[in-house]
Amino acid sequence: MNLPQTLVLPKSGPSMHGLKRRYRPGMKLKVECISRHSLPAANLSFFINNDAFMVVYHRIGELGLISTRSSFEHLFHKANDL
Numbered sequence: 021m022n023l024p025q026t027l028v029l030p031k032s033g034p035s036m037h038g039l040k041r042r043y044r045p046g047m048k049l050k051v052e053c054i055s056r057h058s059l060p061a062a063n064l065s066f067f068i069n070n071d072a073f074m075v076v077y078h079r080i081g082e083l084g085l086i087s088t089r090s091s092f093e094h095l096f097h098k099a100n101d102l
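Shown next as structure tokens:
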């Protein structure tokens with residue numbers, strides 16, 4: 021039996037926090053992306069030089085809608101890490 025699926029889009033796009041304009045070797049990138057109140061949960065991913073990094077947390081809030089938070093930290097060791 022196929023049940024109807026409910027989709028709820030977030031009212032706004034994801035918000036990112038912690039980004040700097042430039043990074044140099046020895047600097048740490050620490051960034052967080054949040055997408056609020058959707059169904060199903062948003063899929064948030066970070067990429068550096070085509071390598072994917074994901075640390076994702078989901079929280080179910082009002083009306084069963086899901087907020088997704090993904091955070092990432094990276095220490096740049098050399099120039100080609102940038």
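Each residue of the sequence shown is one higher than the one before, starting from 21 at the first, in this note's numbering.
Virtual Cβ for every residue (Gly too), placed ideally from N, Cα, C.
Exposed or buried, which one is L27 when buried takes at least 16 other CB atoms within 10 Å?
Exposed, since its Cβ has fewer than 16 Cβ neighbours within 10 Å.
Boundaries of the beta strand (DSSP E) in which M36 is found, first to last residue:
S35 to H37
Terminal residues of the beta strand (DSSP E) in which T88 lies:
I86 to L95
Look up L59 in the DSSP assignment and say whether it is helix, strand or coil.
strand
Cβ neighbour criterion (16 or more within 10 Å) applied to L23
exposed
Assigned secondary structure, L49 (DSSP; H/G/I helix, E/B strand, else coil):
strand
Out of curiosity, what's the CA-to-CA distance linking R79 and P60?
12 Å
Going by the beta-carbon positions, is the gap between L49 and E93 smaller than 9 Å?
yes
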